[in-house]
């Protein structure tokens with residue numbers, strides 16, 4: 010269940026194949042997201058049918074593309090995807106590390122004029138850049154292992170509560 014690339018169809022109907030390590034996030038689109046995307050493109054003179062798009066793919070350079078396929082279709086291509094929470098996915102093969110997202114991290118980002126729209130519990134390092142996750146670091150790594158068909162890491166040491 011491993012793949013090095015992702016094939017998707019753009020909103021224009023063009024089939025593209027991209028390396029997995031260039032993908033930061035894949036987000037399925039809600040009906041509201043689809044309407045906003047269509048309205049945004051219409052302002053640029055591009056008319057699309059919102060019913061024909063299913064996901065937004067964000068790349069390492071922070072650009073994004075709309076895709077007709079959804080998460081299930083990408084999984085059918087053999088791409089293991091990890092749900093980072095809030096219906097945001099990243100290719101499992103891209104994840105290189107996960108660590109706790111601290112209050113200090115949040116304060117530093119706020120100082121850099123970022124607006125955090127959620128509760129984040131981990132910073133996930135990927136080949137395409139850092140993304141924040143509402144899942145705990147261990148959950149991210151367990152989901153990665155499952156998506157790659159590997160056993161989840163077992164806890165070590167300590168004693169079980171009585």
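In this note's numbering, the protein residues as written are 10 to 171.
All C-beta atoms, glycine included, are put in the ideal place defined by N, C-alpha and C.
In this text, all values refer to a predicted model and were calculated from it rather than measured experimentally.
Is residue i buried or exposed, if buried means 16 or more other CB atoms sit within 10 Å of its CB?
i: residue 94; result: buried
i: residue 85; result: exposed
i: residue 88; result: buried
i: residue 90; result: buried
i: residue 2; result: Because the chain spans 10 through 171 in this model, residue 2 falls outside it and cannot be assessed.
i: residue 24; result: exposed
i: residue 40; result: exposed
According to the Cβ coordinates, are residue i and residue j closer than 9 Å?
i: residue 92; j: residue 137; result: no
i: residue 44; j: residue 63; result: no
i: residue 78; j: residue 18; result: yes
i: residue 83; j: residue 15; result: yes
i: residue 42; j: residue 61; result: no
Using 8 Å for Cβ pairs, my map puts residue i next to residue j. What's the rounded Cβ distance?
i: residue 135; j: residue 105; result: 6 Å
i: residue 28; j: residue 80; result: Not really, about 19 Å apart at Cβ, beyond 8 Å.
i: residue 133; j: residue 107; result: 5 Å
i: residue 141; j: residue 101; result: Wrong, their Cβ atoms sit about 17 Å apart, outside the cutoff.
i: residue 31; j: residue 73; result: Incorrect: roughly 12 Å between the Cβ atoms, too far for contact.
task: Evaluate the contact criterion for the segment 44 to 53 versus the segment 110 to 121: three or more CB pairs, one atom per stretch, below 8 Å.
output: no
Start-end ranges of the alpha helix (DSSP H) lying completely within the segment 57 to 97, minimum 4 residues: 80 to 85
field: Within the segment 26 to 52, ranges of the beta strand (DSSP E) (whole runs, at least 3 residues)
entry: 32 to 37
message: Please give the ranges of any alpha helix (DSSP H) in the segment 95 to 162, keeping only runs that are unbroken, at least 4 residues long and fully inside the region.
response: 112 to 120, 146 to 156
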